Each structure stands twice: as C-alpha cells, then as structure tokens.
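Report on the following structure.
There are 2 protein chains.
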Amino acid sequence: MGQEFLKIMDSEDVKKLLDNIQPKRRVESVSLEDAHMRVLAEDVYANINLPPFDRASMDGYAVKAEDTFGASEDNPVLLELLETIKAGYIPTKKVKKGTCIEVSTGAPIPHGADGIVMIEFTENKEGNIYIYDSAHMGENIAYEGSEIKKGEPLLNEGQFLTPDKIGVLSAIGMRGVKVFAKPKVAIISTGNEIIEHDKELQYGKIFDINSQSLVSAVKSCGCTPITSGIVKDSYKDVLEKISEVLDVDIIITSGGTSAGAGDVLRKVLDDTGDVLVHGIAVKPGKPTIIGMVNDKVIFGLPGYPVAALMVFYVFVAPFLRKMASLEIYSGDNETLRLKLSRRYHSARGRSQYALVKIEDNMAHPILKDSGAITALAEADGYFEVPKNVEIIQEGSEIEVYLLKNLVK
Amino acid sequence: MGQEFLKIMDSEDVKKLLDNIQPKRRVESVSLEDAHMRVLAEDVYANINLPPFDRASMDGYAVKAEDTFGASEDNPVLLELLETIKAGYIPTKKVKKGTCIEVSTGAPIPHGADGIVMIEFTENKEGNIYIYDSAHMGENIAYEGSEIKKGEPLLNEGQFLTPDKIGVLSAIGMRGVKVFAKPKVAIISTGNEIIEHDKELQYGKIFDINSQSLVSAVKSCGCTPITSGIVKDSYKDVLEKISEVLDVDIIITSGGTSAGAGDVLRKVLDDTGDVLVHGIAVKPGKPTIIGMVNDKVIFGLPGYPVAALMVFYVFVAPFLRKMASLEIYSGDNETLRLKLSRRYHSARGRSQYALVKIEDNMAHPILKDSGAITALAEADGYFEVPKNVEIIQEGSEIEVYLLKNLVK
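Line by line, the protein sequences are chains A and B. Letter by letter, the first sequence follows residues 2 to 409 in my numbering. Letter by letter, the second sequence follows residues 2 to 409 in my numbering.
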C-alpha cells in the first residue's frame, strides 16, 4: 500500500554516509590564463630567486653610500653622473668614489653602488648631481633573493588560485600549473511528461526545469555539468542512459524516484550497482535515491524542481565541493539569526527545509509547494525544522541559511 | 625635482569621480546553459500558465470528492478503476460517480474528477479500489495557472541568474535570455624590463606578473579579460597599443606611470584623451593614472604587483562591477573587526592599505614592500589607515577587508 522506501534514512545519517565516501580526484594542467579560482594540485617551490638580481626599488641615483654621509639640504654632496639606466637595461659603468648612475625603479644596481638616493632628494644641474640626503648601505635596493630564495616553498596544494597566487606563479615564470580537475557531472531528467525547450508544449506535458537549474547548481560547486537529456520513466531507457554516461565522475538524475513514476531508478540501481539510500526523512525531498554504479555515485533527486534543488543544496553540493576540493570556500554553513514572522507548521517525522523571504529583518515563510519553482526564486534562504518539532511559534529565533551563500 | 603628479587626489575623491561615470552597458542573448550567474537585462513575464494544465500533485486516485466523504480506515469506500494515467499521458475516460482513475504525480486530471486521494490511503484489491480517507474538493490538484498566470511578472532586470531563476526561465520554456554583456577589459603590461613567460630570463629582466594577476582579478568582477601583451615604456609603443585595443570597454595598463619610467602613459593620454587623475594619495598606489580615450576609461596602475592589485581592488573593481551590473553581489564592504597584533607605522599624508594575516583572531601586519607579490599571497585582508593617522597602537581594533570577499 503506497510508496515503499527500502532504506529511508535521517538527514544526518545521509550526510555522514556521504562524508565517508572519498571521491577520486583527478588532476589536470591549465595555463595561468585559465587558472582563475582553480584549486592547486601541487606544492609550488621557487625555481628562481626573487628579485632575480639586485635592483632599484625607487627612482634615483645609485651611489656609494659613504659618499653621501652627512649630505643635507644645506650641505649637498656633488657627484658626477656616469650614465642613466632604465629598467630593463644593463649598466655599462661602475660607480666609483665621487660618481653616481641614475637608475629607474626596477633597474639593475650598477657595480660599485651600495645605496640609492631617491630622486626627490637630488637635483640635476646641467649634469651635476646634487645629493641633499644621505643614503645608508643597501637603501632602496631590493637584493637578489630578498623576497624569495630559489627552492623555498611558495604555494601549497589545496590553495585557491586567486589573483595574488596567480601573480606568484607568474613571478617565477610558470606557464601552466597543476590543478584539481573539475568533476564532470551528468545531468539527466526523467519523466514521460518532460519535454525539451525546442518542442511545442502539448497538453499533459511540461518543459524540463531541472536540467537547466541543475546545470547552474553544478557550476556553483566548481564542477562541469554534462547535460545528458531527458529519458522516459522506463527501466530500459534509464538503464541505457546511465550506461551511456558512465565516463563522467558523478551522475545526477531527477524524477523517476517515486512509486507512481514506477521507481525505475531504484530497480536499475538494484540490478547494476548498489542502492545506498532510498528515501530521506526530509521535506521536501523524501523520494531521494543515492546509489553507486561502477564506483560512480549517482544521486536520484525528486522530480519537483524545488525538492530537487533543496536536496541538491543540502546533500549533493557539499559532496560535489569535496570532489572539486572546494570545501574551504564553501561558506554553506553561514547562517543569519532572524525572527520568524508567523507560526510555522512542519511535517511530522521529517526534517523540513522551509523557504523564507527576508524583509524588515524578519524571516517570512513562503507557503508554496515544492512543485512551484517560483517559491525558490522568491526565497532568500531556508531554515531547518528538526524532525521532532511540528510547530515553530511566531517570533521564534531561527537560523536562516542564505541561498546566495549556496551559489557562487 | 622628483616625480610630478599633475592631479593628485584623495582616495575618497577618486571613488566619487568613478561613481559619477556611468558606463555604457551592452546587452547580449545567451542560452540558459550559459546563463549561470549572469545578470538579467530584461523583465521576464510568464508566456504560459504554470502549471500549464490541471495536474495531480500526488500519486493517487482521481475521484469525485463527494464519493469519498466519510471514508475512513474502518469504513472504506469502494470505487471502480477505469484506467491508469501516468504523467505525460492523457486520460481517455471521464470519472463518473462510483469510479476513479489512477494518476501519477504530474498527470493531467481526468474530466469529472475534483480531488485526488493519496495512494497511501487506498488499496487495490484485484482491481477494486478501497478508499480509506476522504478527499476534499481540489485536494492534491495543482490547477492550471495556480503557480503563475500567463502575463504575470516573473523576474526583473538586474536579477542574478541563480539556479532557481534559471529554473523559472526553464519552466516557461525559454531557450535564451537577455543578459548584460561581460565588459571586455584589455590588459597591457608596460616596462622595458618585463618579459613573457615563454622567454628566457636574462639579467635585468623580470617575468610579467601583472598581466596574469589582472586577468584573474578582472574575471572576479564578471568581466572578460583580453590579454594584450607587453609594451616598452615608449610613447610610440604605448600609443600604438592603446589605439589597437580601443574596441574593448575598458583598458587597464600597469607600469609606466612613474617619472622614472618616463611617465609615458600620462603623455599619451594628454595628447589623445583626458587625464582625470594623476596620482592618488594612497600607499601603495600613488603613481596611478585614470583617464579617458574615446569615451573608454583607462586605468594606469603602478607596475609593482601589490600596488597594482590593491589599486585594482579599491578603485577599479567597484567600477568594473558597476559596468557588469554586479554591484548587488559584491560584498566588498564586509569587514571583520579585529585587534592589531603590533604597533603599525603608516605613510605620512596618504591613506595606507596595510596587508594583514589573520591568526588567533588577531590581525598581524605583513611588513613587505609593494614589490613583493608574496606579501599579498600571504595576506588574508587589509585595513585602511586614514591619511591623517601615522601610528596605530598595538591592540587597537581595526576593520579588516577580507581578500576572499574581493575575488569570486
């Protein structure tokens, strides 16, 4: 009588089960141009000194520091200018007592010089250089290796390639870098009533919602979605489609998980792999299946678009981020404490994910069913009602998970 | 004597100046597959009813509700099963008194039926359907247009296309959508000492850092970087390169802004466009130029990599996000209040952006110069020391801007 869930589990147990699956992580090389926000898959050591030579860190005059001792506004030192060296050029002369070489920021330090007087404290009067301030030994010189020495560790596996990290890789002349590959995720919609967007909408049919919303959700987790089309709710079609996409890292289907839909996914998994979870004590999202085929994890999400996305956010997204090595940045668990604007009735015996809109610093429950994708589009976040709680009173403080933290 | 900045401005005045420039925003069409996190450039109205027909929202039996009144566990009602309709199929029969049609979630409601009894409250004994619970009128039916009516507003220009919003567009069968085009940003490195990564590092030369770190930074702002190579610090080369890339929306150069580098960018802008800013009273970043050529904004960043990125984060990024219509999500201004681990000396007469590492809930200043890209790679954030403050005492509370909020 009615739907049978073979392995119904509490949400916390499902999370633990997924935490214990260690997905295989692939590594690939990308150019720095394509490395933005990828996750480093190798430790990087300096292969050169930085700076690679002694260089001027200011515009000014390279001098023998001792020549300038005692120089001041009232008592300038006069030096002979030997040449002018811009960044990128090589000095041809040596600084000797009583002489100087003009250098730009970034220019190599001429032999014999051991300090730079900033141009602000000098004056060039027809080739005679007046020095109005003393330079100490090493002043305004960035010595070879002073920022980083060849062989020193620079970046670590697991770090995010933000602009500064990519700058570090550029500084040592790296052209490409090893990063964790983006897991490939096949997305399959199942349902006899589901049609593609280039078809005409006939009576009894609806446009496929989940393929595109899941494409976006999968991208949010640093994975590459592979849109794999729509299949009918038949054992043969679902089996064929799953066999077709087994070269990906993870498979996500939606629909076809309830008794009414023939529960075809469960049967296919029973025959070809393992069913790990069949039914989760949550609302929305009860008819969720999690299984394995050929070491690939397969998530069978409910067909209802809100249920599909909520199950995605709560259970699938953390798993995908783990696979993409993105946990460090996820921020999924940041919540906002807000007061509930009205009494809320929750499902009996199941954890409920209740959508809310935030207005006037209050959380307003959105009372639409999980078939209504517009409910999620209106929502700012959700709160979780534990399975043993049925009523939350108006004005209670709740922890709201923000949807904007779930999508990047 | 020394560097001359023609139009040196305080940081707040530069921000105001940039706020007042209204960049032109281009619009383009993208497929839903490519719409992830793009910004909607049109208001979207429903072109169909949702659901598009009366449909079952549960698996069960479509009945005349009045047939079931009074039904209970102890007192079931017996109904004749006419047919079974799965989602995607069309009923061929009409429900009359004493009969029912089995329907799956999503199936069209058969004529004559006005309620669905969930399958959990029924039993099928050899084709005879026992109903153990009463259905009220409309129970478990999602009526045509009950979620959204044709013509109603769905989404607004300026909204982010998160998975749920893309789900809404899918629900009404949209294949493509108008979004604000990603601004194209040319990135030019200038400097005689700068070489590309495929060149051998010769004495006096350094690898180009800023091109790739700015590519990443520009992507963080929802813009498309166009790597435009390295030019020498010569008037002719800079002029030619800028003329070459004028089909982009914004130009960013780095290097070539100081007196020692010949200040070529300022001269080029003086002759071909306008210099709006020449010098900002900040550290690092003083030798920054902002100008316009042919209605295109051009940012001339300092050559030092840390200075280039800090000026980018503080001044350029908000402008790019405005151009990309991404202000709503920027979060640039979220700060963390932390205690400073040691006394900090700041630049006289300039606002200072001081990098810090966060450890043990304290902000530890990073004391490297702005030539050291590794300083930024080690940093978690920065705090701003106002220009009239020279010393911040150990233990003072400071507001730390987090670098991870600046890159997405």
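Note that beta-carbon positions come from the ideal geometry of N, C-alpha and C, so glycine has one too. Every value quoted in this text rests on a predicted model; they were computed, and no experiment measured them.
Beta-carbon to beta-carbon, residue 381 of chain B and residue 407 of chain B are separated by about 11 Å, too far to satisfy the 8 Å threshold. Here the stretch 56 to 74 of chain A does not lie against the stretch 189 to 200 of chain A, with fewer than 3 beta-carbon pairs under 8 Å apart. Any Cβ of chain B closer than 8 Å to the Cβ of residue 9 of chain A would place that residue at the interface, and such an atom is absent.
Of all residues in the stretch 221 to 243 of chain A, the ones placed with a Cβ closer than 9 Å to any Cβ belonging to chain B are 221, 226, 228, 233 and 234, in chain order. In the same chain as residue 171 of chain A, and ignoring 5 residues on each side of it, the C-beta atoms closer than 7 Å to its own belong to 33, in chain order. Annotation note: the stretch 317 to 372 of chain B contains the following uninterrupted beta strand (DSSP E) runs of length 3 or greater, listed N- to C-terminal: 336 to 341, 352 to 360 and 363 to 366.
With a threshold of 16 other beta carbon atoms within 10 Å, residue 28 of chain A falls short and is exposed. In terms of Cα proximity to residue 275 of chain B, the closest of B:257, B:301, B:255 and B:282 is B:301. Residue B:130 holds the alpha-carbon nearest to the alpha-carbon of residue 121 of chain B among B:113, B:130, B:14 and B:114. The Cβ of residue 350 of chain A sits no closer than 8 Å to any Cβ of chain B.
Our two residues, residue 15 of chain A and residue 133 of chain B, have alpha carbons roughly 33 Å apart in a direct line. Exposed is the label assigned to residue 387 of chain B, since fewer than 16 other Cβ atoms lie within 10 Å of its Cβ.
Contiguous alpha helix (DSSP H) elements confined to the stretch 254 to 296 of chain B occur at 265 to 273, taking only those with 4 or more residues. If the five residues before and after residue 39 of chain B are omitted, its C-beta is found closer than 6 Å to the C-beta atoms of 162 and 180, all from its own chain and listed in chain order.
Boundaries around residue 29 of chain A are those of the beta strand (DSSP E), 28 to 32, since no alpha helix (DSSP H) includes it. For residue 283 of chain B, the closest of B:295, B:266 and B:316 by C-alpha to C-alpha distance is B:316. In this structure, residue 285 of chain B lies away from residue 224 of chain B, with their beta-carbon atoms at least 8 Å apart.
In the three-state scheme derived from DSSP, where H, G and I count as helix and E and B as strand, residue 190 of chain A is classed as strand. Taking 8 Å as the CB threshold, residue 135 of chain B stays off the interface with chain A. Annotation: the continuous alpha helix (DSSP H) that includes residue 217 of chain A extends over 211 to 221. Nearest Cα to residue 391 of chain A within the set A:365, A:353 and A:166: A:353. Secondary structure of residue 13 of chain B (DSSP, three-state): helix.
For residue 203 of chain A and residue 367 of chain A, the gap between their C-alpha atoms comes out near 30 Å.
Chain B places no beta carbon closer than 8 Å to that of residue 318 of chain A, leaving this residue out of the contacts.
The Cβ atoms of residue 31 of chain B and residue 178 of chain B lie closer than 8 Å to each other. At least one C-beta of chain B is nearer than 8 Å to the C-beta of residue 88 of chain A.
The beta carbon of residue 154 of chain B sits no closer than 8 Å to any beta carbon of chain A. Under DSSP, residue 101 of chain B forms a beta bridge with B:82. Those residues of the stretch 32 to 50 of chain A placed with their C-beta closer than 8 Å to a C-beta in chain B are 33, 34, 36, 37, 38 and 49, ordered along the chain. Any Cβ of chain B closer than 8 Å to the Cβ of residue 107 of chain A would place that residue at the interface, and such an atom is present. Contact check for residue 96 of chain B against residue 118 of chain B fails: the beta carbons are separated by 8 Å or more. Around the beta carbon of residue 211 of chain A, 16 or more other beta carbons lie within 10 angstroms, which makes this residue buried. For residue 128 of chain B, there is no enclosing beta strand (DSSP E), since its DSSP letter is neither H nor E. The three-state secondary structure of residue 43 of chain B, taken from DSSP, is coil. With respect to residue 320 of chain B, residue 19 of chain B sits close: the two C-beta atoms are nearer than 8 Å. Using a CB distance cut-off of 8 Å, residue 166 of chain A counts as an interface residue toward chain B.
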